[in-house]
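Notes follow once the structure below has been shown.
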Amino acid sequence: MKLKENIVTVLEIQNLKKSFGENHVLNGFNLRLFEGENLVVMGKSGSGKSVMIKCLVGLMQADSGSIRIRNQDITVLGQTELDLLRTEIGFLFQGSALYDSMTVRENLEFPLRRHKKKLRMTGHTEALVIEALENVGLVDAIDLMPAELSGGMQRRIALARALILKPKIILYDEPTTGLDPITAKEIIELMRSIQAKYGTSSLIITHDVDCARVISNRIILLVDGINYAEGTYQELSHSDDPETMAFFKH
Ligand SMILES: Nc1ncnc2c1ncn2[C@@H]1O[C@H](COP(=O)(O)OP(=O)(O)OP(=O)(O)O)[C@@H](O)[C@H]1O
Ligand SMILES: [Mg+2]
Numbered sequence: 001m002k003l004k005e006n007i008v009t010v011l012e013i014q015n016l017k018k019s020f021g022e023n024h025v026l027n028g029f030n031l032r033l034f035e036g037e038n039l040v041v042m043g044k045s046g047s048g049k050s051v052m053i054k055c056l057v058g059l060m061q062a063d064s065g066s067i068r069i070r071n072q073d074i075t076v077l078g079q080t081e082l083d084l085l086r087t088e089i090g091f092l093f094q095g096s097a098l099y100d101s102m103t104v105r106e107n108l109e110f111p112l113r114r115h116k117k118k119l120r121m122t123g124h125t126e127a128l129v130i131e132a133l134e135n136v137g138l139v140d141a142i143d144l145m146p147a148e149l150s151g152g153m154q155r156r157i158a159l160a161r162a163l164i165l166k167p168k169i170i171l172y173d174e175p176t177t178g179l180d181p182i183t184a185k186e187i188i189e190l191m192r193s194i195q196a197k198y199g200t201s202s203l204i205i206t207h208d209v210d211c212a213r214v215i216s217n218r219i220i221l222l223v224d225g226i227n228y229a230e231g232t233y234q235e236l237s238h239s240d241d242p243e244t245m246a247f248f249k250h
């Protein structure tokens, strides 16, 4: 999908709606992610950010609306096509969601094994695991269990796992939440270096204003289930709309 100025849309959400009974969480949300950009979605706790991202990756079914990833409507794709598309998307879950009973190596091998047939990869697993760990500076942790890692290390391993298939699009759900400010900065730097290295497009969900300032090319504010405001950090943080201003108060 080419736009003017040769901007390519890699992911597009149109009029997304999702309710849980009387709880109308998403009420016609729209979003467009351009190739190579870092798009941040900010919203209060409970505003539906995780619900939105879960609909995107197919962990949750939307009530209505369309989701197009690399120009394919995911709501009409069959399982095989969907699985193939998923290999192009990395997802960093809120928290870290490592498998507690598996070593770091096994955690990283997991997405490789799942998609091995489709990727026709044999024998390269070790090299890919090492490369992914190098990207996050944790090769030495390869044989440790998640319980032996600090919170920041767990997040970095989860990031390595999200990256192992060299996805074209990465979805981050609260990458810095729960980390101390220094570790949060390290994670943000990692996200930036990974984008520079692989030219990925990233959708980043956060309520960390510092994270949004440092990493975003554009920001969307999710309020009352819709994209309430959009713009650069500069534009939105200088808005005189009270609802928008509330996001940027420290
Ligand atoms: N599986 C579910 N069943 C019922 N309600 C749900 C479910 N998942 C989410 N919700 C509701 O949807 C709303 C949005 O939840 P969501 O997890 O998307 O919030 P969030 O914006 O990610 O918040 P946070 O910043 O705390 O992570 C909440 O009211 C939540 O209770
Ligand atoms: Mg959430």
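Okay, so the sequence shown: first residue is 1 according to the UniProt record's numbering, each after it adds one.
For each residue, glycine too, the CB sits at the ideal point set by N, CA and C.
Taking the straight line between their C-alpha atoms, what separation do you get for residue i and residue j?
| i | j | result |
| --- | --- | --- |
| Asp-73 | Leu-56 | 11 Å |
| Tyr-198 | Glu-22 | 42 Å |
| Ile-142 | Ala-229 | 43 Å |
| Asp-100 | Ala-147 | 7 Å |
| Glu-243 | Lys-249 | 11 Å |
| Ile-7 | Ala-212 | 22 Å |
| Gly-78 | Ala-246 | 42 Å |
| Phe-34 | Pro-167 | 15 Å |
| Val-139 | Gly-152 | 15 Å |
| residue 274 | Thr-176 | Outside the displayed range of the chain (1 to 250) lies residue 274, so it cannot be described from this structure. |
| Asn-71 | Lys-17 | 20 Å |
| Asp-180 | Val-209 | 14 Å |
| Met-1 | Arg-32 | Any answer about Met-1 is weak, because its pLDDT of 45 lies below 50 and its placement is not dependable; what the coordinates show is given next. Each residue's alpha carbon lies about 11 Å from the other. |
| residue 312 | Thr-200 | In the structure as shown, the chain starts at 1 and stops at 250, and residue 312 therefore has no counterpart that could be examined. |
| Val-51 | Tyr-233 | 24 Å |
| Glu-186 | Ala-160 | 14 Å |
| Arg-156 | Ala-196 | 17 Å |
| Ser-45 | Lys-116 | 37 Å |
| Ser-239 | Thr-9 | 27 Å |
Determine whether the beta carbon atoms of residue i and residue j lie at a separation below 8 Å.
| i | j | result |
| --- | --- | --- |
| Leu-203 | Leu-171 | yes |
| Asn-227 | Asn-15 | no |
| Ser-96 | Gln-154 | yes |
| Phe-93 | Ala-158 | yes |
| Asp-173 | Ile-130 | no |
| Gly-43 | Lys-49 | yes |
| Leu-163 | Asn-135 | yes |
| Leu-112 | Thr-103 | no |
Quick one: grab the DSSP three-state call for residue i.
| i | result |
| --- | --- |
| Ser-239 | coil |
| His-24 | strand |
| Arg-70 | coil |
| Asp-173 | strand |
| Met-145 | coil |
| Thr-9 | strand |
| Gly-137 | coil |
| Asn-217 | coil |
| Met-60 | coil |
| Ser-150 | coil |
| Phe-248 | helix |
| Gln-94 | coil |
| Ile-164 | coil |
Any chance the CB of residue i is under 7 Å from a heavy atom of ligand 4?
| i | result |
| --- | --- |
| Ser-47 | As far as ligands go, the structure on display features ligand 1 and ligand 2 and does not contain ligand 4. |
Taking residue i and residue j to be in contact with their CB atoms under 8 Å, please state how far apart those CB atoms are, rounded to whole angstroms.
| i | j | result |
| --- | --- | --- |
| Ile-169 | Leu-11 | 6 Å |
| Ile-67 | Leu-85 | Not really, about 11 Å apart at Cβ, beyond 8 Å. |
| Val-25 | Gly-225 | 6 Å |
Strictly under 8 Å for the Cβ-Cβ distance: is residue i near chain C by that measure?
| i | result |
| --- | --- |
| His-24 | The structure shown contains no chain C; it holds only a single protein chain. |
Q.
Which residues neighbour ligand 2 when neighbourhood means a C-beta less than 7 Å away from any of its non-hydrogen atoms? List them by chain order.
A. Lys-49, Ser-50, Gln-94, Asp-173, Glu-174 and Ile-205
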